[in-house]
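Just so we're aligned, residue -2 is where the sequence shown starts under the numbering used here, counting upward by one. Notes to accompany the following structure.
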Amino acid sequence: MIAYVYVEGESDRLALEALWRGWRDRLRAEGKGIKVLPLDDKTRFLKKIGAHAAARLLTNASDLVVGLPDLYPNEPYSHTQYAHPRLSDLIAIQEREVRRALENDGAGGDPGTYMNRFFATALKHDLEMLLLAAERYLAQYLKCSVNLGNWRRPVEDQNHARPPKRVVEEIFRSRSPTKSAYRDTVHASAVLGRVPNIGEIFYTPAGQLTCPEFKRMVDWLGGALGLTAY
């Protein structure tokens, strides 16, 4: 059994593989796995997710597929068939594209039997919300105090005017020992690779959820794979 997690780009792949390293090792020992696959960018993701997901679902009756693009930015798509002002719209678009591809590829019967193995969601608003959820490890990486600044909690509620990536960029400019710019393909995986237990980043010290939508996806995957992430 393999879970194919489709993301927008290479930085997402590297970061999730770093965060899930221990989980993937435990799954591998049971003959299961998670593969994170980038589709180049958001536009290509929206155009390709249907065909890619349908092919995986049709090929193996036990495999799973997750759609995990960024919610931000959404304005460039506002006058297209991919308009998604809210997370629910982006989920609906993915489900529509996958269902359409299943029907066109001759799935036969009810596409719903295949759709049960497809989970559509998004990184809300972008991957960097995970770095803010892992504030302790981000601070360790930057060799500074844990109090890195202000953002909404849950961090997934950060908005389009100041998405998590912009917050992380600000933190790197002001707190990095070398004042180096944030590079998503380098720093995201370096920070998330420090997290020993995924469950740690899902709650603040006060017990508040940090990223409920991402946790919902991880919990769905853990249940479907028969091995939880934390």
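Glycine residues also receive a C-beta, built at the ideal position from the N, C-alpha and C atoms.
Ordered along the chain, which non-local residues of its own chain (more than five positions away) have a Cβ less than 8 Å from that of residue i?
i, result
"Met214", "Val63, Leu65, Phe116, Thr118"
"Ser177", "Phe169"
"Glu100", "Pro108"
Output the distance between the C-alpha atoms of residue i and residue j, rounded to the nearest integer angstrom.
i, j, result
"Leu34", "Pro202", "32 Å"
"Gln137", "Pro174", "12 Å"
"Ser186", "Ala15", "5 Å"
"Glu166", "Arg150", "18 Å"
"Ala98", "Ala58", "16 Å"
"Tyr111", "Leu139", "44 Å"
"Val183", "Asp9", "11 Å"
"Arg53", "Gly47", "10 Å"
"Gly6", "Leu43", "12 Å"
"Arg172", "Tyr134", "14 Å"
"Val2", "Glu27", "19 Å"
"Gln205", "Ala131", "13 Å"
"Leu244", "Arg96", "No information on residue 244 is available, as it lies outside the stretch -2 to 227 that the chain covers here."
DSSP state of residue i, grouped into three classes?
i, result
"Ser146", "Per the sequence presented here, residue 146 reads as Gly, with Ser not at that position. Gly146 falls in the coil class under three-state DSSP."
"Tyr1", "strand"
"Tyr200", "strand"
"Pro73", "helix"
"Lys140", "coil"
"Pro174", "coil"
"Asp67", "strand"
"Lys212", "helix"
"Leu24", "helix"
"Ala58", "coil"
"Lys121", "coil"
"Leu87", "helix"
"Lys32", "strand"
Would residue i and residue j be called neighbours here (beta carbons separated by less than 9 Å)?
i, j, result
"Leu233", "Phe211", "Summary: the structure shown does not reach residue 233, with the chain confined to residues -2 through 227, and so no result is reported for it."
"Ile195", "Thr207", "no"
"Ala0", "Leu218", "yes"
"Pro82", "Glu153", "no"
"Trp20", "Tyr227", "yes"
"Glu120", "Val4", "For the sequence presented, residue 120 should be read as Leu rather than Glu. Yes, they are a contact pair."
"Asp102", "Leu55", "yes"
Within its chain, find whatever has a CB closer than 6 Å to the CB of residue i; leave out the 5 residues flanking it on each side and keep chain order.
i, result
"Asp123", "Asp67, Tyr69, Pro160, Pro161, Lys162"
"Ala12", "Leu124, Ala185, Ser186, Leu189"
"Gly30", "Ile(-1), Leu24"
"Leu61", "Ala0, Arg114, Ala221"
"Asp181", "Ser8"
"Thr225", "Gly219"
"Gly223", "none"
Using a Cβ-Cβ cutoff of less than 7 Å, which residues in the same chain neighbour residue i once the five nearest sequence positions on both sides are dropped?
i, result
"Ser142", "Ala136"
_Any contact between the segment 139 to 154 and the segment 90 to 97? By contact I mean 3 or more CB pairs, one from each, below 8 Å._
no
*If you pair each beta-carbon of the segment 65 to 74 with each one of the segment 150 to 167, do three or more pairs fall below 8 Å?*
yes
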